[in-house]
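In the working numbering, the protein residues as written are -6 to 204. As structure tokens, the structure follows; a few thoughts come after it.
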């Protein structure tokens, strides 16, 4: 009897992984995820490399040389990012403002353009990856997050208490502008149902295993 119970739990785990895998395959088949995956990985590497280079070289290179290095990586990204080429300028502008903030803590204002261009880059990326859906609300949500972060930051790091008001405003605009309807909803409902269903089964199996 204990052996049967073990096998039953093991089968539930396999079923959960199968459902999640089917959901991911179905989701990928309705999107451009697979085709842009190499470009996404490459662009992520270049973005991390640009930030790492700038901060790691702070004690060895002049500011102009560090900026030139980031600019060089931007040119490389622009020439090699394939389908994500439209994301590159927005992403590197966001990185530039982020560098400005960390290089000058009094430059709290740099957080705002960092959030704006990061949100635009995210929106453009999602529209490339999921061409059947609209992601305008992602940009608005990004603005809400930007001012929320500015509010939550400590004062000595540039936090501003007044930013709670634009944060609330953009959250409100995000909510009222969000339209979940559309002709292509079926394209993502089934994959998400499979993924969520598999995740719930896996969570329940792990919970019962601990008990």
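Cβ atoms here follow ideal geometry from the backbone N, Cα and C, with glycine treated the same way.
Which of helix, strand or coil DSSP assigns to residue i
i	result
residue 54	coil
residue 33	helix
residue 192	helix
residue 12	helix
residue 127	coil
Buried versus exposed call for residue i [16 or more other C-beta atoms within 10 Å across all chains shown]
i	result
residue 114	buried
residue 167	buried
residue 169	exposed
residue 179	Because residue 179 carries a pLDDT of 48, less than 50, the predicted location of this residue cannot be relied on, and no value is offered for it.
residue 135	buried
residue 148	exposed
residue 165	exposed
residue 28	exposed
residue 87	buried
Same chain, Cβ closer than 6 Å to residue i, five either side skipped, listed in chain order
i	result
residue 67	85
residue 14	none
residue 59	47 and 50
residue 118	80
residue 157	144
residue 63	43 and 47
residue 90	103, 106 and 107
Close Cβ partners of residue i (< 8 Å) along its chain, the five nearest in sequence each way excluded
i	result
residue 61	none
8 Å Cβ cutoff, residue i in contact with chain C
i	result
residue 99	Within the model displayed, chain C is absent; a lone protein chain is all it includes.
Beta-carbon contacts of residue i that lie in its chain and below 7 Å, excluding the five residues immediately before and after
i	result
residue 150	98
Report the start-end ranges of each alpha helix (DSSP H) in the stretch 137 to 170 that is 4 residues or longer and not cut off at the edges. 157 to 170
Every unbroken alpha helix (DSSP H) inside the stretch 41 to 113 [4 residues or more]: 56 to 73 and 80 to 96
Below 8 Å, can you find three or more Cβ-Cβ pairs linking the stretch 140 to 150 to the stretch 90 to 108? yes
Three-pair Cβ contact test at 8 Å for the stretch 159 to 166 versus the stretch 128 to 142: yes
For the structure I just gave you, are there three or more beta carbon pairs, one from the stretch 34 to 44 and one from the stretch 63 to 81, closer than 8 Å? yes
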